[in-house]
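Number of protein chains: 2
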Amino acid sequence: MSNLCVTDLPAGFRYAARAAGIKKSGKPDLALIVADQPAVCSGTFTTNKVVAAPVILTRERIRSGLCQAILVNSGNANACTGDRGLADAQRCAVLTARALGIDEQLVAVCSTGVIGVPLPMGRFEEHVPALAGELSNAGADEVARAMMTTDAFPKVAVQRFTSGGRECRIFGVAKGAGMIHPNMATMLAFVLTDATLPGPSAGLLLRRAVARTFNRITVDRDTSTNDTVLLLASGAVGAPPLVAESPDGEAFAAALEDVLQTLAKLIVRDGEGATKLVRIQVEGAASEADALAVARSVATSALVKTAFFGADANWGRIIAAAGYAGVEIDPDRVRIRFDDVPMVEGGLGLGAEQEVKATAVLKQAEFTVTVELGLGAGSAWYYTSDLNYEYVRINADYRS
Amino acid sequence: MSNLCVTDLPAGFRYAARAAGIKKSGKPDLALIVADQPAVCSGTFTTNKVVAAPVILTRERIRSGLCQAILVNSGNANACTGDRGLADAQRCAVLTARALGIDEQLVAVCSTGVIGVPLPMGRFEEHVPALAGELSNAGADEVARAMMTTDAFPKVAVQRFTSGGRECRIFGVAKGAGMIHPNMATMLAFVLTDATLPGPSAGLLLRRAVARTFNRITVDRDTSTNDTVLLLASGAVGAPPLVAESPDGEAFAAALEDVLQTLAKLIVRDGEGATKLVRIQVEGAASEADALAVARSVATSALVKTAFFGADANWGRIIAAAGYAGVEIDPDRVRIRFDDVPMVEGGLGLGAEQEVKATAVLKQAEFTVTVELGLGAGSAWYYTSDLNYEYVRINADYRS
Numbered sequence: 034m035s036n037l038c039v040t041d042l043p044a045g046f047r048y049a050a051r052a053a054g055i056k057k058s059g060k061p062d063l064a065l066i067v068a069d070q071p072a073v074c075s076g077t078f079t080t081n082k083v084v085a086a087p088v089i090l091t092r093e094r095i096r097s098g099l100c101q102a103i104l105v106n107s108g109n110a111n112a113c114t115g116d117r118g119l120a121d122a123q124r125c126a127v128l129t130a131r132a133l134g135i136d137e138q139l140v141a142v143c144s145t146g147v148i149g150v151p152l153p154m155g156r157f158e159e160h161v162p163a164l165a166g167e168l169s170n171a172g173a174d175e176v177a178r179a180m181m182t183t184d185a186f187p188k189v190a191v192q193r194f195t196s197g198g199r200e201c202r203i204f205g206v207a208k209g210a211g212m213i214h215p216n217m218a219t220m221l222a223f224v225l226t227d228a229t230l231p232g233p234s235a236g237l238l239l240r241r242a243v244a245r246t247f248n249r250i251t252v253d254r255d256t257s258t259n260d261t262v263l264l265l266a267s268g269a270v271g272a273p274p275l276v277a278e279s280p281d282g283e284a285f286a287a288a289l290e291d292v293l294q295t296l297a298k299l300i301v302r303d304g305e306g307a308t309k310l311v312r313i314q315v316e317g318a319a320s321e322a323d324a325l326a327v328a329r330s331v332a333t334s335a336l337v338k339t340a341f342f343g344a345d346a347n348w349g350r351i352i353a354a355a356g357y358a359g360v361e362i363d364p365d366r367v368r369i370r371f372d373d374v375p376m377v378e379g380g381l382g383l384g385a386e387q388e389v390k391a392t393a394v395l396k397q398a399e400f401t402v403t404v405e406l407g408l409g410a411g412s413a414w415y416y417t418s419d420l421n422y423e424y425v426r427i428n429a430d431y432r433s
Numbered sequence: 034m035s036n037l038c039v040t041d042l043p044a045g046f047r048y049a050a051r052a053a054g055i056k057k058s059g060k061p062d063l064a065l066i067v068a069d070q071p072a073v074c075s076g077t078f079t080t081n082k083v084v085a086a087p088v089i090l091t092r093e094r095i096r097s098g099l100c101q102a103i104l105v106n107s108g109n110a111n112a113c114t115g116d117r118g119l120a121d122a123q124r125c126a127v128l129t130a131r132a133l134g135i136d137e138q139l140v141a142v143c144s145t146g147v148i149g150v151p152l153p154m155g156r157f158e159e160h161v162p163a164l165a166g167e168l169s170n171a172g173a174d175e176v177a178r179a180m181m182t183t184d185a186f187p188k189v190a191v192q193r194f195t196s197g198g199r200e201c202r203i204f205g206v207a208k209g210a211g212m213i214h215p216n217m218a219t220m221l222a223f224v225l226t227d228a229t230l231p232g233p234s235a236g237l238l239l240r241r242a243v244a245r246t247f248n249r250i251t252v253d254r255d256t257s258t259n260d261t262v263l264l265l266a267s268g269a270v271g272a273p274p275l276v277a278e279s280p281d282g283e284a285f286a287a288a289l290e291d292v293l294q295t296l297a298k299l300i301v302r303d304g305e306g307a308t309k310l311v312r313i314q315v316e317g318a319a320s321e322a323d324a325l326a327v328a329r330s331v332a333t334s335a336l337v338k339t340a341f342f343g344a345d346a347n348w349g350r351i352i353a354a355a356g357y358a359g360v361e362i363d364p365d366r367v368r369i370r371f372d373d374v375p376m377v378e379g380g381l382g383l384g385a386e387q388e389v390k391a392t393a394v395l396k397q398a399e400f401t402v403t404v405e406l407g408l409g410a411g412s413a414w415y416y417t418s419d420l421n422y423e424y425v426r427i428n429a430d431y432r433s
């Protein structure tokens, strides 16, 4: 379990969590994050055409650019629940706003858990007012726990940076174990900072950081109905407004990417059944877009992922996955190495001796596969896990 | 084991197979299919940018529109073998041509098996001449066996149709257990007919049939370096040339699609570890292309496939996979049924009673999932298997 120090957390936010009986297990399942004042807010959401009710509501709410409270529950995704689902999400926001004495439009709601089952609204009616009375600056750990579904551990990250000469902090909390479970309805991440962020900068910097972190991880290639990332900036340290294209903006961007990357890697490491965290690094592509396509293709190949599980330095599967990425590849130029062990040069394997060394790399819990294409300067990476028996067990047995 | 009757086979072809010692197991691994005269030939090949040497050679050779012999080996894919691999493939063609006394340009060569290891050419030098002496019209079963790699059973299909008042036959033989194994280098199919096919018709009809059959199956979403489908028409029954857009052309197209569909379903049924054969039928899409995109998305979802293994009527995963297919979906119109058991109406689940019935369907070895989108008249299907422990075992342990 993580132990967050209050001094690591950004000023201007309070937290509360409780077991509201939404999960059958009786574990914590309802949490509240509240800013002392309306915070500048930006968000990114699932690209799935099937969107859960809380995503519809929250996406609409944060268009104002402000948000003061996030109510989040686990155990029920409020997805595929029709008009009733939307009414329930709205009721959650109303309950939260009343308990806090704030405008209902300033409340975001997020849900993950089982799909297709209405929210148990009685639980919310009872527990939301109680939550509001329990807010404190020491409750962030418990929020992380209350967000968990199939997660094996809570996921938090903190970072500091300087803005206008003032030390600011970023705190990120996420849930997710696998890019997605339509049933357990995936990934949520909330990122809080006490820097002062104008709305346009917040949106730009969040989208950039998400593109390089959460959008470069895969466990099973599925995309959830509920994925949501929200960034809230309280401005509570009183630093001057950050401009994206400035030294301070870059310092913030680096800290933000660090927090999101830490959370993203925690999600892959906690991928259902995952025993390995693998970075697929592509170099020498004709463009960054090509590099990303190849990295994604290798990272999502079921054959590559099962080979990782088997500690099999199966470069043939890697080169084949690169080959069907849909971008230009010259097989005769391809080089592949596992950490620093070269395994392929000029598209040809380097033999049994190298394979023994490569196998040793693959037995590690974390390693990097580097694919050099020899075509240009484009590079990109993707994080993936192995595919194994436990993934099948979790997903075949989940509801039955 | 299949038992093909010689009377079911098209006139004008002979077959031979033997154990040439390419496979360590000592099982049959080298086969020859020979037309009495140069046959009209058309082919479709892998779209992977990494292409095995025999594919490079055969793709080039059949540009002439004629082919008289196919030499096929299992146990070694001759892929990622560089210049030496190409020279070896050419040598295989030369050996075959000499043994048969035909033009080297009329020989196609196909290889599947391990990637990155040179062909054991001594085996070919020794066994190709012997094979040529063993040709007979009764050897088709043995060809199917010699093509197998991880296949659990040989895959053949026959069909008859009438052309110009003459009864013609189609014989198809395939190997493949999974859309692909870069190591075991995938799917091959050879389709022989004694109809008279002009080259342009052969190409058109083959591409159409492949698009509706082999290109609508998935086991693990990977695409091989060696995939090859060849159609050879001997014209040996002396029927008049077939025209694609005519009643006879349609009769041939239907028979061809039937043969390829049978082979395609056999490949999915033999998918690595597969215990179920599932048809994903999409109806009511805005277009056929949209329907195909949704069918493919559902059929390739790891979460959907593990749910099939667990006999879990997990419609949430299906609707979510439809949602990220990248085409227009209105969740409120979606209907889903398992065989004839409705499970979702208007995007909402129909409850526990239906789920009990749906679970019974999912326990079958073969069933259809129908997804109705309610947007138009576009329909399409895909065949898929379940994803289970055995798939992981086969692919994690394959080389180690």
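Protein sequence lines, in the order shown, are assigned to chains A and B.
Using our numbering, read the first sequence as starting at 34 and increasing by one per residue.
Using our numbering, read the second sequence as starting at 34 and increasing by one per residue.
In this text, a Cβ means the ideal position worked out from N, Cα and C, and glycines have one as well.
Bear in mind that the values here come from a model prediction, so they are computed numbers and not experimental data.
Quick check on the DSSP output: the beta strand (DSSP E) that includes E399 of chain A runs from which residue to which? 399-405
Would you give the residue range spanned by the beta strand (DSSP E) that K188 of chain A belongs to? 188-196
Check each residue of the stretch 353-373 of chain A: if its Cβ is closer than 9 Å to any Cβ of chain B, include it; give the result in chain order. A353, A354, A355, G356, Y357, A358, G359, V360, E361, I362, D363, P364, D365, V367
Check whether the Cβ of K396 of chain A lies closer than 8 Å to any Cβ atom in chain B. no
What's the C-alpha gap between N81 of chain B and L289 of chain A? 38 Å
Helix, strand or coil: how does DSSP classify S320 of chain B here? coil
Hey, out of A:D303, A:T261, A:K60, whose CA is closest to T91 of chain A's CA? A:T261
G28 of chain B versus chain A: which residues are under 8 Å apart at the beta carbon? No information on residue 28 of chain B is available, as it lies outside the stretch 34 to 433 that chain B covers here.
Under 8 Å, do G149 of chain B and C125 of chain B count as touching if we go by C-beta distance? no
Chain B residues whose Cβ lies nearer than 8 Å to that of A429 of chain A: Under a criterion of Cβ atoms nearer than 8 Å, the residues of chain B adjacent to A429 of chain A are, in order, T339, A340, F342, G343, D345, N421.
Where the stretch 54-84 of chain B meets chain A: residues whose CB sits under 9 Å from a CB there: T79, T80, N81, K82, V83, V84
Residues of chain B with a CB under 9 Å from the CB of G115 of chain A: which are they? Here the neighbours are P364, D365, G379, G380, L381.
Does V425 of chain B have its Cβ less than 8 Å from a Cβ in chain A? V425 of chain B counts as touching chain A.
Count the other CB atoms within 10 Å of the CB of A448 of chain A; is the residue buried (16 or more) or exposed (fewer)? Nothing can be reported for residue 448 of chain A: it is not among the residues displayed for chain A, which extend from 34 to 433.
Flag this pair as yes or no: are the beta carbons of R350 of chain B and A340 of chain B separated by less than 8 Å? yes
Could you give the distance in angstroms between the alpha-carbon of G198 of chain B and the alpha-carbon of Q192 of chain B? 16 Å
Return the residue from the list B:P61, B:D116, B:Y415 that minimises the CA-CA distance to L19 of chain A. Outside the shown range of chain A (34 to 433) lies residue 19 of chain A, about which nothing can therefore be said.
Alpha-carbon spacing of V389 of chain B relative to A344 of chain B, whole angstroms: 11 Å
Going by beta carbon distance, what residues of the same chain come within less than 6 Å of G268 of chain B, once the five residues before and after it are set aside? T229
Would you call A190 of chain B buried or exposed, if buried means 16 or more other Cβ atoms sit within 10 Å of its Cβ? buried
Output the residue ranges of the alpha helix (DSSP H) runs that lie fully inside the stretch 231-286 of chain B and measure 4 residues or longer, sorted by chain position. 232-245
Under 8 Å between C-beta atoms of T333 of chain B and T251 of chain B: Yes.
Cβ pair L408 of chain B, A319 of chain B closer than 8 Å: yes
Quickly, what does DSSP pair C100 of chain B with across the bridge? List them, please. B:A72
First through last residue of the alpha helix (DSSP H) which encompasses R366 of chain A: It is not in any alpha helix (DSSP H) - R366 of chain A carries neither H nor E in the DSSP assignment.
Rounded C-beta distance between G384 of chain B and D323 of chain B? I'm assuming under 8 Å. That pair is no contact at about 29 Å.
For the beta strand (DSSP E) that C143 of chain B lies in, which residues bound it at each end? 140-144
Presumed contact (8 Å Cβ cut-off) between V67 of chain B and Q123 of chain B, rounded CB distance: So it is not a contact: roughly 19 Å between Cβ atoms.
Report yes or no: do three or more beta-carbon pairs, one from the stretch 271-287 of chain A and one from the stretch 302-309 of chain A, lie closer than 8 Å? Pairwise C-beta distances place the stretch 271-287 of chain A out of contact with the stretch 302-309 of chain A, as fewer than three of them are shorter than 8 Å.
Looking only at its own chain, which residues have a Cβ that is under 6 Å from the Cβ of D184 of chain A, when we skip the five neighbours before and after it? K208, A210, D303
Considering only C-alpha positions, which residue in the set B:N109, B:R178, B:E305 is nearest to A335 of chain A? B:E305
Which residues does DSSP list as the beta-bridge partners of R350 of chain A? None; R350 of chain A has no bridge partner.
Quick one: Cα of P233 of chain B to Cα of A64 of chain B, how far? 28 Å
Going along the chain, which residues of its own chain have a beta-carbon closer than 8 Å to the beta-carbon of L14 of chain A, five neighbours each way excluded? Past the boundaries of the shown model lies residue 14 of chain A; chain A is included only from 34 to 433, so the question cannot be answered.
Note down, in chain order, each residue of its chain lying with its Cβ closer than 6 Å to the Cβ of V73 of chain A, except the 5 sequence neighbours on either side. L230, G232, A235, A266
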